[in-house]
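S.K.: Mind having a look at this structure? Questions to follow.
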Amino acid sequence: MAIPTYKNWIERTKQDAFHRRSDVLRLLDEALEVYDKNKSKVNKSRLSDRLNDWIKAKGDGEEWKDSRRNKKDVVQELYDALSPVREDSLKAEYTQVIRPAYVNAGYDREGALPADLSVDQSLQIDGLGSPGFVQVSMGVVNEPRDWLRTFAVAHETGHAVAYLVCQDAGTTAPEILSYNVAKRHEHLADLIGMHVLMNVHQGADVINNLNILSAWLGYGDPQHPSGAQRAELIRRFYNDRVHFNNFIRNVADLHVNLGL
Ligand SMILES: [Zn+2]
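Going from the sequence shown to my numbering is simple: count from 1 and add 126.
Below, the structure is given as C-alpha cells:
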C-alpha cells in the first residue's frame with residue numbers, strides 16, 4: 127500500500143464546515159504535505175509520528191478507525207503504508223535506548239543481549255525473550271503509547287538476561303517445569319525490565335501509569351500472572367528498589383506470594 131498523496135488525503139478526509147480540522151490533524155496534514163514534496167526517510171518518520179499523535183488523540187485503542195476522517199479508509203491506508211516505519215522505529219529504540227540501558231546495567235555478557243530486536247508479524251500483543259534472542263509482535267509495534275512499547279521490549283529483554291541477573295543475586299533462575307514457575311519468570315522479566323528502565327525516562331512513565339499497564343496486560347493465562355498482580359509487584363519493587371537483588375532472590379526462590 128502506497129502513502130496517499132497530500133491532495134488525495136485532503137479530498138478523502140474532508141468534512142463539512144461544522145467539522146473543522148483539529149490542531150493535531152493539521153500537523154498531520156502538514157507532515158504529509160512536506161513528505162509529498164520530499165520523500166526522505168526523516169520526513170517519512172515525522173509523518174509516522176504525527177499519525178501516531180492523531181491516533182492517540184482519538185483514544186487508547188482502535189477508536190481512530192471509526193473517526194469520520196477514516197470514512198473513506200484513507201487513514202487506514204496511510205497507517206498500513208507506514209507499518210514498516212513503526213517497525214524500524216521500535217528496532218532503533220532497542221539498539222539506541224533499551225539495549226544500551228541493559229549494557230550500562232552490566233548485562234552485556236555471555237551473548238545474552240542480541241544485537242537487534244526481532245519482530246514477528248502477529249497482530250496480537252506478544253513477545254519472546256531468551257538468551258541471545260528478543261522478539262515482539264507487530265501488535266506491540268502498533269501500540270500507539272510509546273511507554274507501553276518500551277515496557278514490552280524491556281520485559282522481553284529481561285527474559286533474555288534473567289539467568290545472569292539471578293546469578294548476580296546469588297541464586298539460579300528457576301527452571302520452567304510448572305505453570306507457577308513460568309509465572310515467576312514473568313515477574314522476574316518485569317522487575318529486571320523496570321530496574322533497567324528506571325535509568326531512562328520511560329521507567330517513570332510506567333510507574334505513573336501502572337493502572338493502565340495492569341489493564342493492558344489483562345487477566346493473565348496459565349503462564350502469565352494477571353496484569354493486576356504484575357503491576358502490584360512492580361509497585362512494591364519501585365517502593366523498595368534499593369533492594370533489587372533481594373527482590374530477585376525472593377521471586378526466583380518462590381518466596382513472594384502473590385496468589386500465584
Ligand atoms: Zn514474558
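The beta carbon of each residue, even a glycine, is placed where N, CA and C say it ideally should be.
By the DSSP assignment, the beta strand (DSSP E) with Gln261 in it spans what residues?
M.R.: Phe259 to Ser263
S.K.: Buried or exposed: where does Ala330 fall if 16 or more other Cβ atoms within 10 Å of its Cβ makes it buried?
M.R.: exposed
S.K.: Rounded to whole angstroms, what is the Cα-Cα separation between Pro226 and Tyr233?
M.R.: 10 Å
S.K.: Helix, strand or coil: which one does DSSP assign to Gly329?
M.R.: helix
S.K.: Taking 7 Å as the cut-off, is the C-beta of Ala315 nearer than that to any heavy atom in ligand 1?
M.R.: At least one heavy atom of ligand 1 is found less than 7 Å from the C-beta of Ala315.
S.K.: Return yes when the C-beta of His281 is under 7 Å from any heavy atom of ligand 1, and no when it is not.
M.R.: yes
S.K.: Write down every uninterrupted run of the beta strand (DSSP E) in the segment 148–224 whose length is 3 residues or greater and which is fully enclosed by it, in chain order.
M.R.: none
S.K.: When the distance is taken between beta carbons, is His281 closer than 8 Å to Asp246?
M.R.: The answer is no: Cβ separation not under 8 Å.
S.K.: Grouping DSSP H, G and I as helix and E and B as strand, with all else coil, what is Val399?
M.R.: The structure shown has nothing for residue 399, since the chain only spans 127 to 386.
S.K.: Report the rounded CA-to-CA distance for Ala207 versus Met127, giving the unit in angstroms.
M.R.: 5 Å
S.K.: Is DSSP giving Asp246 helix, strand or coil here?
M.R.: strand
S.K.: Distance, Cα to Cα, Thr298 vs Val377?
M.R.: 11 Å
S.K.: For Phe144, count neighbouring C-beta atoms within 10 Å of its own C-beta (all shown protein chains included) and say buried if the count is 16 or more, exposed if not.
M.R.: Exposed is the call here.
S.K.: Looking only at its own chain, which residues have a Cβ that is under 6 Å from the Cβ of Asp149, when we skip the five neighbours before and after it?
M.R.: none
S.K.: Which same chain residues, not among the five before or five after Ala295, have their C-beta less than 6 Å away from its C-beta?
M.R.: Asn371, Ile374 and Arg375
S.K.: Mind checking who Leu254 pairs with in its DSSP beta bridge?
M.R.: Leu254 pairs with Gln261.
S.K.: Let's test the definition: count the other Cβ atoms within 10 Å of the Cβ of Pro240 and tell me whether it reaches 16, buried, or not, exposed.
M.R.: buried
S.K.: Do Asp155 and Ile181 have their beta-carbon atoms positioned less than 8 Å apart in this structure?
M.R.: no
S.K.: Under the rule that 16 or more other beta-carbon atoms within 10 Å means buried, what is Pro300, buried or exposed?
M.R.: buried
S.K.: Taking the alpha-carbon positions, what's the Ser263 to Tyr220 distance?
M.R.: 14 Å
S.K.: What three-state label does DSSP hand Thr283 in the structure shown?
M.R.: helix
S.K.: For ligand 1, is there a heavy atom less than 7 Å away from the beta-carbon of Glu236?
M.R.: no
S.K.: Leaving aside the five residues before and after Gln261 along the sequence, list all residues of the same chain whose C-beta is less than 8 Å from its C-beta, in chain order.
M.R.: Leu243, Ser244, Val245, Asp246, Gly253, Leu254, Gly255 and Glu282
S.K.: Is Leu339 near Gly353, with beta carbons less than 8 Å apart?
M.R.: In this structure, Gly353 lies closer than 8 Å to Leu339 by Cβ.
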